[in-house]
Amino acid sequence: MSQKFAVIGNGIAAVEAIRMMRLHNYQDEIHLFSNETWPAYNPMLTTYYAAGKMDFEAFFPCGSNMDFYHQHHVNLHLGSPVMQLDVQKQKITNESGYELQYDKCLIASGASCFLPPIEGIKSKKVLTVRTIDDSLALKNALQEKPDKVLVVGASMTGIKIVELFLNAGSDVCLADQAHHIFPLAAHPACAE
């Protein structure tokens, strides 16, 4: 009897899992769910693209079209986030109302940006930097050369964004709840 394998997420972990499944002769249905419509891409490249240091096509390790998914016989459910995952009934429901009864499920949704509870955080002038769409918005913001920019988050990405806006001529302020830069990656002495 044919089984259905669900994959939630469309990043490198998801496509590598699919590639390995097919390489090891998994013949049953694979369904991939993603809230985005882009093919799998490398989110670590968002600031490089926004800075003009790479071509758009370089985002996509499996190619910028849907060939990978066709070659690996993947049923795509793109642009509609998973709204419910019922592990007891083994059922996924996405935002468009599509339901899939699955046999196995891999959650490979990757990271997301944390938005602190700050008044005005939902403004169109507030950007996050994680997705391709975020990178496109950042590139536009850099071209507008704003006078003042506040960067919240002293991670490697936050530091890179500070550099980009400084190079664009903006007055930049970096803020973080930690007492030093790279709070999740560096010891305070190293961060100095």
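In the numbering used here, each residue's number is its place in the sequence shown (first place is 1) plus 43.
Note that the Cβ used here is the ideal one computed from N, Cα and C, for glycine as well.
Exercise. Does the distance from the C-beta atom of Ala228 to that of Leu149 stay below 8 Å?
Worked result: no
For this session: Would you mind stating whether Ile73 and His116 have Cβ atoms separated by less than 8 Å?
Result: yes
Exercise. Which runs of the alpha helix (DSSP H), 4 residues or longer, sit entirely within the region 125 to 196?
Worked result: 175 to 187
Exercise. Within this structure, are the beta carbons of Thr200 and Val169 separated by less than 8 Å?
Worked result: no
For this session: Work out the CA separation of Lys167 and Leu158 for me, nearest whole Å.
Result: 14 Å
Problem set entry | For Asn118, the residue or residues it bridges with in DSSP | His74
Exercise. If you draw a straight line from the C-alpha of Phe48 to the C-alpha of Ile175, how long is it?
Worked result: Each residue's Cα considered, the two are about 27 Å apart.
Problem set entry | Inter-stretch contact (C-beta, 8 Å, three-pair minimum) for the region 212 to 229 and the region 187 to 204 | Counting Cβ pairs under 8 Å, three or more are found: they touch.
Exercise. DSSP three-state call for Leu227: helix, strand or coil?
Worked result: coil
For this session: Assess, as a yes-or-no matter, whether the region 136 to 156 is touched by the region 51 to 71 under the definition of 3 or more beta carbon pairs within less than 8 Å.
Result: Taking a cut-off of 8 Å on C-beta distances, the region 51 to 71 touches the region 136 to 156, as three or more cross pairs fall below it.
Exercise. Is the beta carbon of Ala234 less than 8 Å from the beta carbon of Phe225?
Worked result: yes
Problem set entry | Pro82 beta carbon less than 8 Å from that of Phe103 | yes
Exercise. Which residues in the same chain as Gln46 place their Cβ atom closer than 6 Å to its Cβ, once the five residues preceding and following it in sequence are excluded?
Worked result: Asp71 and Asp146
For this session: Quick one: give me the first and last residue of the beta strand (DSSP E) that Ala93 is part of.
Result: Here Ala93 belongs to no beta strand (DSSP E); instead the alpha helix (DSSP H) covers Thr89 to Ala93.
Exercise. Relative to the C-alpha of Gly122, which residue among Gly212, Ala94 and Asn137 is closest?
Worked result: Asn137
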